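Q: Dumping the structure here so I can ask a few things about it.
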Amino acid sequence: MTIANRRQWDYDMYHDFPVKITRYEQLERGPVLESHWHEQFEILYFEQGESLIHCNGRPYEVKTGDIMIINNNEIHCGETLCKHLIYYIVKVDLNFLLSSQVDFCQTKYINPLLQGRIRFQNHITQNDRLAEQIQKIVKEYNQQEIGCELAIKEHIYHIIVLLLRQYKQEMFNNNGYDRQQKGMNQLRTVLEYIDKHYNENISLTQLANLASMSNQHFCRIFKGTTGKRPVDYMNYLRINKAVTFLSESDLNISEVAMAVGFDDSNYFSRLFKKYQKISPSAMRR
């Protein structure tokens, strides 16, 4: 799939296989990942270029050969810092590693990983052993020879072992885990609200109240987690929605502007070009 200056290749082995791989190629500076979270464990491998990834409120500058580990339920987003970025996303449902018979490995490692009580360092620089395992997973996915599912599972186990030995960050006790989850849930509620009501007039106070925070504290936490101020994030989301309208509907430019929450079509066009590096009319053509 190609959208403007972004190309995407999905390596689907089959629909319900619990490991998904996507290769992205971004040809211009700009956003590459919207703020989101998921239950799955995720590995980002950067084959070429430089990017800025925000995860759990911290920014990480990643370069060619670097790896980002996204633990389950961590809010993350990113943007490219170069004009040619190539990276892979390997998303793993860790239930894939469970066995029908509960054993020591499952209770000591896999269950705590699934529960979010074992977490790994997010940014990993120049680890050839980890990179090799990721490349082997991609190769197995591409070739799909007999037994490839077993080979992929083997490489994921190998990655988990390497992460446990070198990059285990913390193991939460019950209270620490509950506090961390409460904070993330507050911000997730806000992001879900924005996603559903992006075309409405949303005030900063509304969002801060949803998160049960003061305006100032909310702005600091929001920007630290998403890399954007609330107003910038809402505009970014609106412009992305506008791209869909331009591609999939017959609405004219003014109608698209209204549909995504802009009363002034001229302001919408200026903002659209700022984010997409192309005018709405040019994208429509």
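In our numbering, the protein residues as written are 1285 to 1569.
Heads up, the beta-carbon is just placed ideally off N, CA and C, and yes, glycines get one too.
This structure is a prediction, so every number in the text was calculated from the model and none was measured.
1. Which runs of the beta strand (DSSP E) fall wholly inside the segment 1391 to 1473 and span at least 3 residues, in chain order?
2. By how many angstroms is the C-alpha of M1497 removed from the C-alpha of Q1490?
3. Tell me the residue span of the alpha helix (DSSP H) that contains T1528.
4. By DSSP, does H1501 sit in helix, in strand, or in coil?
5. Is the separation between the beta-carbon of E1363 and that of L1328 shorter than 8 Å?
6. Cβ-heavy atom distance between Y1308 and the ligand HEM below 7 Å?
7. Distance check for Q1410 and Q1385, CA to CA, integer angstroms please.
8. Given a cut-off of 8 Å, decide if L1555 and N1519 are closer than it, judged by their beta-carbon atoms.
9. Three or more C-beta pairs closer than 8 Å, one from the segment 1398 to 1410 and one from the segment 1300 to 1316: is that the case here?
10. Beta strand (DSSP E) containing F1546: first to last residue?
11. What separation, rounded to the nearest whole angstrom, lies between the Cα atoms of I1354 and I1373?
12. Measuring only the C-alpha atoms, how far is K1525 from V1544?
13. Taking Q1405 as the reference, which of C1339, K1437, N1379 and Y1393 has the closest Cα?
14. Assuming T1489 is part of the alpha helix (DSSP H), what are its boundary residues?
15. What do you reckon, are the CB atoms on R1413 and L1381 nearer than 8 Å?
16. What does the Cβ neighbour count give for P1293, buried or exposed, with the cut at 16 atoms within 10 Å?
17. Would you call R1568 buried or exposed, if buried means 16 or more other Cβ atoms sit within 10 Å of its Cβ?
18. Enumerate in chain order the residues of its own chain whose CB-to-CB distance from D1350 is below 6 Å, with the five nearest sequence positions on each side excluded.
19. Quick one, which of I1562, S1553, C1361 and M1297 has its alpha-carbon nearest K1423's?
20. Starting from S1335 and walking both ways along the beta strand (DSSP E), at which residues does that stretch end?
21. Check H1320 in the structure and name its three-state DSSP category.
22. CB-CB under 6 Å to A1541, same chain, minus the five flanking residues each way: which ones, in chain order?
23. Identify every residue that forms a DSSP beta bridge with F1325.
24. So, for F1502: in the same chain, excluding its five sequence neighbours on each side, which residues have a beta-carbon less than 7 Å away from its beta-carbon?
25. What does the alpha-carbon distance come out to for the pair K1392 and Q1417?
26. Is the Cβ-Cβ distance between R1313 and L1365 less than 8 Å?
27. Would you report the Cα separation of Y1344 and L1488, rounded to the nearest angstrom?
28. DSSP on F1301, reduced to helix/strand/coil?
A: A quick look at the data gives this:
1. 1402 to 1404 and 1452 to 1455
2. Here residue 1490 refers to the residue found at position 206 when the sequence shown is read from its first residue. Here residue 1497 refers to the residue found at position 213 when the sequence shown is read from its first residue. Rounded to whole angstroms, Q1490 to M1497 spans 10 Å at the Cα level.
3. Within the sequence shown, the letter at position 244 stands for residue 1528. Where T1528 is concerned, the enclosing alpha helix (DSSP H) stretches over P1514 to E1532.
4. What you label residue 1501 is simply residue 217 of the sequence shown in a count that begins at 1. Helix at H1501.
5. On the sequence shown, position 79 is the one that residue 1363 refers to. On the sequence shown, position 44 is the one that residue 1328 refers to. No, they are not a contact pair.
6. Although the ligand HEM was asked about, the structure shown includes no ligands whatsoever.
7. As a working note, residue 1385 is residue 101 in the sequence shown. As a working note, residue 1410 is residue 126 in the sequence shown. Spanning the two alpha carbons is a distance of roughly 37 Å.
8. Taking the first residue of the sequence shown as 1, we reach residue 1519 at position 235. Taking the first residue of the sequence shown as 1, we reach residue 1555 at position 271. In this structure, L1555 lies closer than 8 Å to N1519 by Cβ.
9. no
10. For the purposes of this step, residue 1546 is identified with residue 262 of the sequence shown, where counting begins at 1. Premise fails: F1546 is in no beta strand (DSSP E) and is neither H nor E.
11. The residue given as residue 1354 occupies position 70 in the sequence shown. The residue given as residue 1373 occupies position 89 in the sequence shown. The straight-line gap from Cα to Cα measures roughly 10 Å.
12. In the sequence shown, counting from the first residue as 1, residue 1525 sits at position 241. In the sequence shown, counting from the first residue as 1, residue 1544 sits at position 260. Cα-Cα distance, rounded: 7 Å.
13. Here residue 1405 refers to the residue found at position 121 of the sequence shown. Selected option, being the one with the closest Cα: C1339.
14. As a first step, residue 1489 must be located in the sequence shown, where it is residue number 205. Segment L1488 to L1494, the alpha helix (DSSP H) holding T1489.
15. Translated into positions along the sequence shown, residue 1413 becomes position 129. Translated into positions along the sequence shown, residue 1381 becomes position 97. Not a contact, by the Cβ cut-off of 8 Å.
16. Residue numbering aside, residue 1293 sits at position 9 when the sequence shown is read from its first letter. Reading off the sequence shown, one finds Trp at residue 1293, where the question assumed Pro. It counts as exposed.
17. For this step, residue 1568 is matched to residue 284 along the sequence shown. Exposed, because fewer than 16 other Cβ atoms sit within 10 Å of the Cβ of R1568.
18. Taking the first residue of the sequence shown as position 1, residue 1350 is located at position 66. Closer than 6 Å at the Cβ level, and outside the excluded window around D1350, lie F1330 and T1409.
19. Position 139 of the sequence shown, counted from the start, is the residue given in the question as residue 1423. Out of I1562, S1553, C1361 and M1297, M1297 has the C-alpha closest to the C-alpha of K1423.
20. Within the sequence shown, the letter at position 51 stands for residue 1335. Taken as a continuous stretch (DSSP letters only), the beta strand (DSSP E) holding S1335 covers S1335 to C1339.
21. Reading the sequence shown from its first residue, position 36 is the one you call residue 1320. H1320: strand per DSSP, three-state reduction.
22. The sequence position of residue 1541 within the sequence shown is 257, counting from 1. S1549 and F1552.
23. Locating residue 1325 in the sequence shown gives position 41, where the first residue counts as 1. Note: F1325 sits in a beta bridge opposite V1376.
24. As a working note, residue 1502 is residue 218 in the sequence shown. If we look at F1502 and ignore the five residues flanking it on each side, its Cβ neighbours are L1491, A1492 and A1495.
25. Here the question's residue 1392 lines up with position 108 in the sequence shown. Here the question's residue 1417 lines up with position 133 in the sequence shown. Approximately 23 Å, taken between the alpha carbons.
26. In the sequence shown, counting from the first residue as 1, residue 1313 sits at position 29. In the sequence shown, counting from the first residue as 1, residue 1365 sits at position 81. For R1313 and L1365, yes; Cβs fall inside 8 Å.
27. For the purposes of this step, residue 1344 is taken as the residue at position 60 of the sequence shown. For the purposes of this step, residue 1488 is taken as the residue at position 204 of the sequence shown. Answer to the nearest angstrom: the Cα atoms are 27 Å apart.
28. Taking the first residue of the sequence shown as 1, we reach residue 1301 at position 17. Three-state DSSP puts F1301 in coil, outside helix and strand.
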